[in-house]
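Some notes on the structure that comes next.
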Amino acid sequence: MSKEAKNYIVHGATGDWEIVVGLEVHAQVTSQAKLFSGASTQFGSEPNSNVSLVDAAFPGMLPVINGECVRQAVRTGLALDAQINKFSRFDRKNYFYADLPQGYQISQFAHPIVGEGEMLVELEDGATKSIGIERLHLEQDAGKSIHDQHPRYTLVDLNRSGVALMEIVSKPDMRSPEEAGAYVRKLRTMLRYIGSCDGNMEQGSMRADVNVSVRRPGEPFGTRCEIKNVNSVRFVMQAIEYEARRQVDILEAGGSIDQETRLFDPNKGETRSMRSKEEAHDYRYFPDPDLLPLEFDDAYIEEARASLPELPDAKKARFVKDWGLPDYNAATLVGEKESADWFETLLDALRKGVDSPVEKLAPKASNWMLSDLYGQLNKAGKSLSDCPITPTQGAELLKLVFDGTISGSASKEVLEEMLQSGRNPADIVEEKGLKQVSDTGALEAMVDKILAANPAQVEQFKAGKTKVVGFFVGQVMKESRGQANPAVVNEILMRKLAE
Amino acid sequence: MSDLNELSIAEARDRLAARDLSARELVQASIAAMEAAKPLNIFVTETPERALEMADAADARLKAGDAKPMTGIPVAVKDLFCTKDVCTTAGSHMLESFTPPYESTVTANLWDNGAVMLGKVNMDEFAMGSSNETSAYGPVKNPWRLGETDTVPGGSSGGSVAAVAGRIAPCATGSDTGGSIRQPAAFTGTVGLKPTYGRCSRYGMVAFASSLDQAGPITRSVRDAAIMLGAMAGHDVKDSTCVDVPVPDYEAALTGDIRGLKIGIPKEYHSADMPREIEDMWQQGMAWLRDAGAQIVDISLPHTKYALPTYYIVAPAEASSNLARYDGVRYGHRAQLKSGDGLTEMYEETRAEGFGEEVKRRILIGTYVLSAGYYDAYYLKAQKIRTLIADDFRRAYKKVDAILTPTAPSAAFGFGAKQDPLAMYMNDVFTVPASLAGLPGISIPAALSAEGLPLGLQILGRAFDEETVLKVAGVMEDAAAFTAKPKTWWS
Amino acid sequence: MSVDKATVKRIAKLARIRIDEDRLDPMAGELNNILDWVEQLSAVDTDGVKPMTSVVDHCLHWRADEVTDGNKRDDVLSNAPDAEFGFFAVPKVIE
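Chains as they are written, first to last, in this note's numbering: chain Z, 692 to 1190; chain R, 23 to 513; chain S, 59 to 153.
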């Protein structure tokens, strides 16, 4: 760990307060079919169309587990460096709600499939922090109640009912909104890397219950409030900030915090009590007698482990250590598996075409990708996934820069054209006449012409004002309509001026 | 009543195969008997048209030489098994108008094996009861009477046993959670087999207590029980607790040879208040087995006396959760709402109106024993004792091959005789231990009480050893030569 | 452990079954009869005994991840007491 995370303090009227945050992230398992039924998990279908009679809890319907969901939970546990439990069990969590057809949710309470683990998160200032994972368990999602579409009714759609979720519970290890945001972001990256969840927060594939409490530094934990179903990283951070301030204000006014469930209102940026859920809960968990214990052996775990791709932390370390990438570039590239893969393909192609050590190529290639490519994609409102050029085409462009065929600035123009037409860089350079002039004879003539035309500046140089070299370079570039190789021009100038 | 109504499955099968009888004739005889038996209140839903259609299909199959073990045999289906497009009530007002768009695996297996559905038969509400008095559709009357006085058929499979004892159908499906096949079989002079937990699929069977519920056949002979079990059982990927082991030829197990088998007599089943005639019947049963060459061995099942209270924690706990789905949202009864009523009122009214008293009582007990602060003392404790009970049997089965006990502590009683729920629960004292351990058991008629009502003996076996259970039962059946039958007073 | 009227009320609330006020006391009595009777279980020594979690000694069957069900909205809604526009309809919930 390079740096310690900075303390985040809420300054109250009576002194400083520390925030304690724990997160329960619900991540939808990537699967074709639901956890206990063969109905589709497809998002955005007609209401009640992806529903089997099992999902609608008809009499005598029974759950049968989807093995893929088990495998994805195990893979996720391994990615989180967590204890994998070869024996786990499903329990029923009993409560009544219109979108909970069975009258209970099948979940894992006493014996989760994954136990303790940890995950490293990176903070803005370059510090890293390890956040403990308490557990990960499999459970069913509920259906959806729609309250505002009908004057008299709440409408119930069971398409989501029974979709597999992983509930990933952190330890109360986070001390600031930023840490919580970084945790959710990193978790999302991890899940997307291994493909156990698509991480799509807008569609509800990932959402967080945020537990927030405040305390005087060094004191025991305070009473916490749980903010339910927060569905973006920004909202998680906003909710924590608001909630901590709210709690501090109450405590400083001599009040006390009620342990309760709250809702985050993104429009107002505040949390409020969920009155409807305030009724005392007594979930009466007990082992689901319709299911036997979930058991597997070491070979199964090893098979799951072997299926894991290189994880972001390892990838980043490799980018930095083997290729000399700046920390920031490496961190940004590994943030999405897709961008890391794109970069690796780019670099691979580049190394085949340019005979130069990788530590020289890689940092430049990463700079190009993060600033030139991302900059232009961004301007066009595109992302890497709809980038019109392939990494190999990118490498061809970079090769032209490395071998001096075109200048860095010309490469930007070529890239723009490539993104528009998808054509090869060499053709564009040829057509637009963007090739650099590196021919010494032609350049020497140009330099001679410029020096002759500007005797005053030559005098200045001789008097010791060496900065005027820049002026001469500029003039030569202008003369060549930008096609002179600046390095070669510089070299000729220095030689001639020294004569 | 025609002679056809007296035919066993085996006899009917042979005559159907010989083309000496058509399925239509056989089924028509059952339909006529069903019509005549209305005073018994056996059927909740009669399906004569479907029965005749299925009978004609059976005749076509028989003609084509493509008969299956139960082709053309009429079956009364306990109203706990969901039947596609045929109302399924589970004896509850809650499901009065429920029409499943699916078929239970057990009934689907029966239809695949050629059986013919006669109708859906009455039962205690959600299988909670031992006398059929908790049905929302009124109690079934036992074809056997005490003189002119009606008696209960036992429960919860009361309609099933009455249909078989009353010669309306040769067989019926039942379900047994704590004794719901065996006790009513004993009360009506029929044969009732509860298979090993996991032998028959629970898919499409309305759940009472998931870790105990098991479907089984009710017939008039051990051979018929063997035939029917074979047609009901089998692995089903739709039930995670249904076991993937081959279904043996149960009929072939009826060799009549039990020489050398060891039969256990659990000393804990003896009690001072056991009626003399029950004790005598039990002794007689031992004698029959001894005469047939089996060895009678005294065994101990030390936790027997805790079985019933354990059951009355585990079963209600599971039921309280299983019955949470009856909420008036997706199917079944929904209460009329007053203006301003919300979701909670809808639930509370719907469930207050839809469930009967015994069901409510068990849901409340189950909710209580699972609730915060009581789980360990009740539910967890009960599940531990359940382990001890299963261990008792495991130890016993190292010494013996089967166990012989009475089925029920008394003969059938009159309506309203057991007002106290606890007194009612005692009916299952001999059947519940094997239920808790998931073991197979059969009840066969062994004697008549002094008052002329049937009494049953129970044979228990090892897990998935229904063959031994059937073999021993077959020998006892021969020895008992129970030929008594109820007078047809209802028509 | 004895059940009083308030407990019956609480349990009935959890189970979502309305019980008339005048039925609370009798129900408490009935429940107590049963609970007093099961109380005998406390006499059993269960130290070190594992609770039974599966009746059969058998492995859980795992399904393949294939869509084999669903697309039966008519069946799903066929028994609904109230349905609107393909949804189940229940009294409006105010959150």
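Don't be surprised by glycine CBs; every beta carbon is placed ideally from N, CA and C.
In this text the structure is predicted, and so the values were computed from the model without any measurement.
Residue-level contact by beta carbon holds for Z:Q793 and chain R, with a gap shorter than 8 Å. For R:L140, the uninterrupted beta strand (DSSP E) segment begins and ends at 138 to 143. Proximity to Z:L811 across Z:H972, Z:L1002, Z:M892 peaks at Z:L1002, based on C-alpha coordinates.
Contact between the segment 249 to 264 of chain R and the segment 112 to 129 of chain R is present, with at least three C-beta pairs closer than 8 Å.
The C-beta of S:A70 comes no closer than 8 Å to any C-beta of chain Z. In the DSSP assignment, R:V228 falls outside any beta strand (DSSP E) and carries neither an H nor an E. Exclusion of the five residues before and after Z:I775 leaves V765, G768, L769, V805, I992 as the residues of its chain whose Cβ lies within less than 7 Å of its Cβ.
Judged by their CB atoms, R:V162 and R:I464 are not nearer to each other than the 8 Å cut-off. Taking the Cα of R:P331 as reference, the smallest distance to any Cα among R:V497, R:G87, R:L444 is reached at R:L444.
Distance from R:V108 to Z:P750 at the Cβ level is roughly 13 Å; contact not present, criterion being Cβ atoms closer than 8 Å. With respect to chain Z, the C-beta atom of S:E124 has a partner C-beta closer than 8 Å. Note on the segment 91 to 136 of chain S: whole alpha helix (DSSP H) runs with a minimum of 4 residues are 131 to 135, in chain order.
Between R:E340 and R:S457, the C-beta spacing is not below 8 Å. No Cβ of chain Z is located within less than 8 Å of the beta carbon of R:E147. In this structure, the beta-carbon distance from Z:I941 to Z:T914 does not fall below 8 Å.
At a cut-off of 8 Å, the C-beta of Z:D889 has no neighbouring C-beta in chain R.
Residue environment for Z:P980: buried (at least 16 other C-beta atoms within 10 angstroms of its C-beta). Interface annotation for the segment 362 to 381 of chain R against chain S: D363, G364, L365, T366, E367, M368, Y369, E370, E371, R373, A374, F377, criterion Cβ-Cβ distance under 8 Å. Non-local beta-carbon contacts of R:P70 in its own chain, meaning distances under 6 Å to residues more than five positions away in sequence, involve I53 in chain order.
Within the segment 945 to 977 of chain Z, not a single complete alpha helix (DSSP H) segment reaches 4 residues in length. With a threshold of 8 Å between beta carbons, S:R74 makes contact with chain Z.
Our two residues, Z:G758 and S:K63, have alpha carbons roughly 47 Å apart in a direct line.
Contacts with chain R (Cβ-Cβ distance below 8 Å) from the segment 743 to 765 of chain Z involve L744, A747, A748, F749, P750, G751, M752, L753, P754, V755, I756, listed in chain order. Residue state for Z:L829 is assigned as strand, using DSSP reduced to three classes.
Fewer than three Cβ pairs drawn from the segment 309 to 316 of chain R and the segment 446 to 462 of chain R lie within less than 8 Å of each other, which leaves the two stretches out of contact.
Among the residues of the segment 394 to 411 of chain R, those with a Cβ less than 8 Å away from any Cβ of chain S are Y396, A399, Y400, L402, K403, A404, Q405, K406, I407, R408, T409, L410, in the order of the chain. Around the beta carbon of Z:Q894, a 10 Å sphere encloses fewer than 16 other beta carbons of the protein chains shown; the residue is thus reported as exposed. By the Cβ neighbour-count rule, S:E124 is exposed, with fewer than 16 other Cβ atoms within 10 Å of its own. When C-alpha distances from R:G278 are compared across R:E489, R:D42, R:I64, R:D36, the shortest belongs to R:E489. DSSP places Z:G808 within a strand segment (E or B) once states are collapsed to three. Scanning R:D42, R:E155, R:G94, R:W166 for the CA closest to the CA of R:E473 turns up R:W166. CA-to-CA, the gap between S:D127 and Z:M1109 works out to about 47 Å.
When DSSP assignments are scanned along the segment 843 to 910 of chain Z, the uninterrupted stretches of alpha helix (DSSP H) that are 4 or more residues long and fall wholly within it turn out to be 868 to 885.
Taking C-beta atoms as the reference points, R:G378 and R:A45 fail to come closer than 8 Å. Going by C-alpha positions, R:N27 is about 11 Å away from R:I95. Judged by DSSP secondary structure, Z:C760 falls within the alpha helix (DSSP H) whose first and last residues are 758 to 770.
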